[in-house]
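Residue numbers (this note's numbering): 4 to 157. Cβ atoms here follow ideal geometry from the backbone N, Cα and C, with glycine treated the same way. Some notes on the structure that comes next.
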């Protein structure tokens, strides 16, 4: 059941209001994640994502928030003591640095103007200066400021 007291208006660039039809669909019994119905659903979703992103390449879904995906990326690709380059460009970059540090990752933080996206030439310069860096962590879109970094150019 949902409680609605008039119009609920979220004024932030992150989470959105959940439509009633989505909440109603969520109230249905779950399907077996190992059964054929789930496999069919997943195949249709992946094909739909290819269409949405206008690609013929494989797409990837991760059932978590962006923060959950960060943690999975950090713990599955890096080891304690590994060195990563992180551009401190806002709230989410700072959070990413904290998460990496908790896993024993050596985080090299570069202060960055939160009003502009990270520049490819700065990434190159940092990597040329420190050959021990194993990964680069950049927030694609910092929702707290609305700034987007052009990841493809990096």
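- Message: 9 Å is my cut-off, CB to CB: does residue 85 come that close to chain C?
- Response: In the displayed structure, chain C is absent; only one protein chain is listed.
- Task: Output the distance between the C-alpha atoms of residue 144 and residue 121, rounded to the nearest integer angstrom.
- Result: By one-based count along the chain shown, residue 144 stands at place 141. By one-based count along the chain shown, residue 121 stands at place 118. Their Cα atoms are separated by approximately 11 Å.
- Message: Counting beta carbon pairs with one atom in the segment 130-143 and one in the segment 95-111, are three or more of them shorter than 8 Å?
- Response: yes
- Message: Taking the straight line between their C-alpha atoms, what separation do you get for residue 28 and residue 69?
- Response: The residue labelled residue 28 in the question sits at position 25 within the chain shown. The residue labelled residue 69 in the question sits at position 66 within the chain shown. Approximately 23 Å, taken between the alpha carbons.
- Closest Cα partner of residue 125 within the set 24, 157 and 151: The residue you call residue 125 lines up with position 122 of the chain shown. For residue 125, the nearest C-alpha among the options comes from 157.
- Message: Taking contact to mean 3 or more Cβ pairs, one atom from each stretch, closer than 8 Å, check whether the segment 111-118 and the segment 78-96 are in contact.
- Response: yes
- Coarse secondary structure for residue 147, derived from DSSP in three states: For the purposes of this step, residue 147 is identified with residue 144 of the chain shown, where counting begins at 1. Coil, per DSSP.
- Task: Round the Cβ separation of residue 110 and residue 87 to the nearest angstrom and send it over; I've been treating them as touching at under 8 Å.
- Result: Against the chain shown, residue 110 aligns to sequence position 107. Against the chain shown, residue 87 aligns to sequence position 84. Their Cβ separation, rounded to whole angstroms, is 6 Å, which keeps residue 110 and residue 87 in contact under 8 Å.
- Straight-line CA distance for residue 49 to residue 36? Along the chain shown, read from residue 1 onward, the residue named residue 49 stands at position 46. Along the chain shown, read from residue 1 onward, the residue named residue 36 stands at position 33. Answer to the nearest angstrom: the Cα atoms are 15 Å apart.
- Task: Enumerate in chain order the residues of its own chain whose CB-to-CB distance from residue 97 is below 8 Å, with the five nearest sequence positions on each side excluded.
- Result: Locating residue 97 in the chain shown gives position 94, counting from the first residue. Taken in chain order, the residues that qualify are 91.
- Item | Helix, strand or coil at residue 128 [DSSP, three-state] | For this step, residue 128 is matched to residue 125 along the chain shown. Helix.
- In whole angstroms, what separates the C-alpha of residue 47 from that of residue 130? Numbered from its first residue, the chain shown carries residue 47 at position 44. Numbered from its first residue, the chain shown carries residue 130 at position 127. Their Cα atoms are separated by approximately 40 Å.
- Quick one: residues in its chain with C-beta nearer than 6 Å to the C-beta of residue 52, no 5 flanking neighbours on either side, listed in chain order? What you label residue 52 is simply residue 49 of the chain shown in a count that begins at 1. Around residue 52: 62.
- Task: Alpha carbon to alpha carbon, how far is residue 45 from residue 39? Give it in angstroms, no decimals.
- Result: Here residue 39 is taken as the residue at index 36 of the chain shown, counted from 1. Here residue 45 is taken as the residue at index 42 of the chain shown, counted from 1. If I take the Cα positions, the gap works out to 10 Å.
- Can you grab the Cα-Cα spacing for the pair residue 136 / residue 72, in whole Å? In the chain shown, counting from the first residue as 1, residue 136 sits at position 133. In the chain shown, counting from the first residue as 1, residue 72 sits at position 69. Distance between the alpha carbons of residue 136 and residue 72 is about 21 Å.
- Entirely enclosed beta strand (DSSP E) segments - the segment 72-100, minimum 3 residues: 86-91
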